[in-house]
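Going down the list, the sequences are from chains R and Y. Counting in our numbering, the first sequence runs without a single skipped number right up to 409 at its last residue. Counting in our numbering, the second sequence runs without a single skipped number right up to 1409 at its last residue. Heads up, the beta-carbon is just placed ideally off N, CA and C, and yes, glycines get one too. Here the structure is laid out as structure tokens; the discussion comes afterwards.
Number of protein chains: 2
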Amino acid sequence: MIKINRNYLKLQGSYLFAEVARHVKEFQELNQDKRIIRLGIGDVTEPLSQNVIKGLNEGVAHMGKRETFQGYPPYEGFAFLREKIAEIDFKSKGINICADEIYVSTGAKEDTANFQELFDTSVKIAITDPVYPVYLDSNVMAGRTASFKNGRFDGVHYLNCNEENNFTPDLPTEKVDLIYLCFPNNPTGQVATKEYLKKWVDYAKANKALILFDAAYEAFVREKDIPKSIFEIEGAKEVAVEFRSLSKTAGFTGTRCAYTIIPKDLKIYDDDGKEHSLGSLWLRRQATKFNGVSYIIQKGAEQVFTKEGQEEVKKTIDYYLDNAKIITEGLTKLGIKYSGGKNSPYIWLKTPKKLSSWEFFHKLLNDCYVVGTPGVGFGSCGEGYFRLTAFGKKDDVIEAIDRLGKLKI
Amino acid sequence: MIKINRNYLKLQGSYLFAEVARHVKEFQELNQDKRIIRLGIGDVTEPLSQNVIKGLNEGVAHMGKRETFQGYPPYEGFAFLREKIAEIDFKSKGINICADEIYVSTGAKEDTANFQELFDTSVKIAITDPVYPVYLDSNVMAGRTASFKNGRFDGVHYLNCNEENNFTPDLPTEKVDLIYLCFPNNPTGQVATKEYLKKWVDYAKANKALILFDAAYEAFVREKDIPKSIFEIEGAKEVAVEFRSLSKTAGFTGTRCAYTIIPKDLKIYDDDGKEHSLGSLWLRRQATKFNGVSYIIQKGAEQVFTKEGQEEVKKTIDYYLDNAKIITEGLTKLGIKYSGGKNSPYIWLKTPKKLSSWEFFHKLLNDCYVVGTPGVGFGSCGEGYFRLTAFGKKDDVIEAIDRLGKLKI
């Protein structure tokens, strides 16, 4: 008999954003005259830049001619792209990361979800609460958690993020092996200082643990002292993997390209304590379960890492940071508390009148036709919080904030 | 301590095609004056068709304008593509498959590798020997096999394919739950009749088993009585999933687009025998670990499923089938036995003089500068066999066959 992976039965409800989409669809069907503004899923709205379009067009043209046609791409990405990433994202900023430590993929979601496969099911994971659901759900599916009780999975070490610790969690109180960190954070919008990240690197070294560092929002960091990469921290190359993405940086959510940095010297261990190269292990995984990113898309991505491309990126991020400012100023006026919205596209607001996250979701949808994401969907510490994103057309953001005044609370 | 997934340590050597590539690279470095012809990995060489290029260009243009810009694609693919696939691949051929039973992805390799995640680690798998390595390795990584002994993994039910059974294996001699079949077959080039597939469908129904049917090469089937889809078999919609790909059909190996068909009524079971929808389960998996296929690529793929696109596909496949004919005629002249090469891009030859697969690989590379794939890389029944593919430029194929005369055996 063909039996279901019993771990899937532990999953709670549907994937958060699918659930939000379902509610929005229902509302729209019943209220066809209302124009809904979406500040929910964090999807970009600005078109691809001129240079990226130029690169994509070149890629398409190459695929149409026998002389320049490309078959299977390398599992780890084309050298032309990996070399430019190494130069622009790291070397030019004084961080020693080489092209062969960069693994190109279709998305940071895919990579952060798949990466746990490399580790034994017995490794103890630490994740923040609230958290980007993919880190947790991918581990649930893999059988790394026990059953779900009172809003949490047994077997997971949760790192509470709350007002008291300024949404930057304390070090674990028990020994953990695999630590998921994300800064600038999704969903809280909080950033980390170098001193703060150094504590984590030291913890990982002392415990032979591994940090999976999600830097998908690094392009939003504008303050000079805030690190964009975990590799700015001394010793991080021995204990950390970093995930980066063009989704938010260059508007690639619908175009699909990301990359993961695995330092050459990074090792993990077998039962006998023998070391294994983590980069080789990931390549083995990718060679078996993945066939590389479309040549066309990599040609477009290449253009992000040119002088002109970098200027375009900055301009688009400026646009979204302006949106964030409009939102945070509006919230301040309404007397609503929040974190984030600076060096980050996310605004994490405390619901007024102690409304639950989903109560606020429905209120915002019904009263203002504005969609956001219920904080509790990111974990039990998110109850009473709500995530807005700065991704949207400026006029829509202005209108959404204007409509917020109509909230009947 | 961060521990390795111990199942990865069971994997044998590197991924087959990566190993072949390494040998070829070494040879080329030592013999820089030799022009190597690759009939190994099965990568297409003909450029994308005009209509596909048109679709891709349109997709790129849409991404450059705010009004037509696309963010995150649906996890299951855009309706515009799924509807055309349902019409052209199935409905127009009298097979009742609907758009919402079609799940678009970046590759059949990805889907066939990932699909096993949905099932309990205890399910008994049946795979052919020889086999496309991805089916086996993905199950090894998931811990569904014991250790490797005498060329085989304990815990797997191997279905021997040999001259005696005309490379179409007999039904299992023990009860199995998950069956991987591929017709036209990679690597043997063998096809299946309807009567033959009906036996498998009946077996699956009787045993509540599931068939994963890889139809990546269906476009090569030209004989009317040979089924292109498992869904041409009565009852298959209750027991089978089908994987299809544009890689070989429309030259998409470097462009990346495939699709998997999961009939709506297909169910799997939990420990209590309760039924679960397989399609919903796959969508939950994709929503958590995947973010859809690039809009641009789906716009290109859409054009494959137009009248003009279908004519272009036929023309390109004709080109490769002509290559196959050149190869099989050449082998016949040299007195080398083979299967496949008809209704299939693969030619599975028996090595002359009882050479081992790798001996023949090195001889062919050293004497003729031609690359093929050692049959033993696909399983122990492949020892003494060798795979050539019809993917290549016609002139190269003619020259490769000409060079075969120089084999020093």
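Who are the neighbours of residue i on chain Y, taking C-beta pairs under 7 Å?
{"i": "R:Thr-106", "result": "Thr-1106"}
{"i": "R:Pro-47", "result": "Met-1063, Gly-1064, Lys-1065, Arg-1066, Phe-1069"}
{"i": "R:Val-44", "result": "Gly-1071"}
{"i": "R:Ala-209", "result": "Ile-1002"}
Three-state secondary structure (DSSP) at residue i?
{"i": "R:Arg-82", "result": "helix"}
{"i": "Y:Cys-1381", "result": "helix"}
{"i": "Y:Ile-1226", "result": "coil"}
{"i": "Y:Ser-1277", "result": "strand"}
{"i": "R:Thr-253", "result": "coil"}
{"i": "R:Tyr-369", "result": "coil"}
{"i": "Y:Tyr-1180", "result": "strand"}
{"i": "R:Leu-159", "result": "strand"}
{"i": "R:Pro-133", "result": "helix"}
{"i": "Y:Asp-1214", "result": "strand"}
{"i": "R:Ile-327", "result": "helix"}
{"i": "Y:Thr-1316", "result": "helix"}
{"i": "Y:Arg-1403", "result": "helix"}
{"i": "R:Thr-145", "result": "coil"}
{"i": "R:Arg-410", "result": "Not covered by the structure: residue 410 of chain R. The range shown for chain R is 1 to 409."}
{"i": "Y:Ile-1127", "result": "strand"}
{"i": "Y:Arg-1035", "result": "coil"}
{"i": "Y:Ala-1236", "result": "helix"}
{"i": "Y:Phe-1119", "result": "strand"}
Label residue i either buried or exposed according to how many other C-beta atoms from any shown protein chain fall within 10 Å of its C-beta, with 16 as the threshold for buried.
{"i": "Y:Ser-1280", "result": "exposed"}
{"i": "Y:Asp-1177", "result": "buried"}
{"i": "R:Ser-122", "result": "exposed"}
{"i": "R:Leu-197", "result": "buried"}
{"i": "R:Asn-323", "result": "buried"}
{"i": "Y:Leu-1331", "result": "buried"}
{"i": "Y:Ile-1037", "result": "buried"}
{"i": "Y:Ile-1409", "result": "exposed"}
{"i": "R:Thr-173", "result": "exposed"}
{"i": "Y:Gly-1151", "result": "exposed"}
{"i": "Y:Asn-1031", "result": "exposed"}
{"i": "R:Asn-420", "result": "Outside the displayed range of chain R (1 to 409) lies residue 420 of chain R, so it cannot be described from this structure."}
{"i": "R:Leu-171", "result": "exposed"}
{"i": "R:Asn-165", "result": "exposed"}
Run through chain R and tell me which residues come within less than 8 Å of residue i, C-beta to C-beta.
{"i": "Y:Pro-1374", "result": "Simply none; closest approach about 17 Å."}
{"i": "Y:Glu-1110", "result": "Lys-289, Phe-290, Asn-291"}
Based on DSSP bridge pairs, tell me the residues matched to residue i.
{"i": "R:Leu-349", "result": "R:Tyr-338, R:Phe-386"}
{"i": "Y:Ser-1105", "result": "Y:Ala-1258"}
{"i": "Y:Ser-1245", "result": "Y:Ala-1258"}
{"i": "Y:Glu-1269", "result": "Correcting the residue type first, residue 1269 of chain Y is Tyr in the shown sequence and not Glu. In DSSP, Y:Tyr-1269 forms a bridge with R:Lys-3, Y:Glu-1275."}
{"i": "R:Pro-374", "result": "R:Phe-386"}
Check the Cβ of residue i against every Cβ in chain Y and list those closer than 8 Å, keeping chain order.
{"i": "R:Arg-6", "result": "Asp-1120, Asp-1270, Asp-1271"}
{"i": "R:Asn-139", "result": "Under the 8 Å cutoff, chain Y gives no residues; its nearest Cβ is about 11 Å from R:Asn-139."}
{"i": "R:Ala-400", "result": "The premise fails here: R:Ala-400 is roughly 17 Å from chain Y at the closest Cβ pair, so nothing lies under 8 Å."}
{"i": "R:Leu-56", "result": "Val-1060, Met-1063, Ile-1296"}
{"i": "R:Asp-416", "result": "Since the displayed chain R opens at 1 and closes at 409, residue 416 of chain R lies outside it and no answer follows."}
If I'm right that residue i touches residue j with Cβ under 8 Å, what's the distance once you round it to whole angstroms?
{"i": "R:Phe-378", "j": "Y:Asn-1005", "result": "About 27 Å; that fails the 8 Å criterion."}
{"i": "R:Leu-48", "j": "Y:Met-1063", "result": "5 Å"}
{"i": "Y:Tyr-1346", "j": "Y:Val-1104", "result": "In fact, because the Cβ distance is near 26 Å, the residues do not count as touching under 8 Å."}
{"i": "Y:Phe-1115", "j": "Y:Leu-1009", "result": "23 Å between Cβ atoms; not a contact."}
{"i": "R:Lys-205", "j": "R:Glu-238", "result": "6 Å"}
{"i": "R:Arg-284", "j": "Y:Tyr-1015", "result": "7 Å"}
{"i": "Y:Tyr-1295", "j": "Y:Gln-1012", "result": "Incorrect: roughly 39 Å between the Cβ atoms, too far for contact."}
{"i": "Y:Leu-1039", "j": "Y:Thr-1389", "result": "5 Å"}
{"i": "Y:Ser-1339", "j": "Y:Thr-1188", "result": "6 Å"}
{"i": "Y:Asn-1185", "j": "Y:Phe-1167", "result": "7 Å"}
{"i": "R:Glu-83", "j": "R:Ala-99", "result": "4 Å"}
Applying a beta-carbon distance threshold of less than 7 Å, which residues of chain R neighbour residue i?
{"i": "Y:Pro-1073", "result": "Gly-254"}
{"i": "Y:Val-1134", "result": "Thr-288"}
Could you tell me which chain R residues have their CB closer than 9 Å to the CB of residue i, listed as they occur along the chain?
{"i": "Y:Ile-1041", "result": "Gly-71, Tyr-72"}
{"i": "Y:Tyr-1295", "result": "Gly-254, Thr-255, Arg-256"}
{"i": "Y:Ala-1113", "result": "Thr-288, Lys-289, Phe-290"}
{"i": "Y:Ala-1018", "result": "Tyr-75, Leu-283, Arg-284, Ala-287"}
Between residue i and the ligand NAD, is there a pair consisting of the residue's CB and a ligand heavy atom that are separated by less than 7 Å?
{"i": "R:Phe-69", "result": "Questions concerning the ligand NAD fall outside what the structure shown contains, since it holds no ligand whatsoever."}
Spell out whether any CB of chain B is found under 8 Å from the CB atom of residue i.
{"i": "Y:Glu-1058", "result": "The structure shown contains no chain B; its protein chains are R and Y."}
What residues of chain Y sit near residue i, judged by a beta carbon separation below 9 Å?
{"i": "R:Asp-367", "result": "Near R:Asp-367 there are no residues of chain Y at all, since even the closest Cβ is about 25 Å away, more than 9 Å."}
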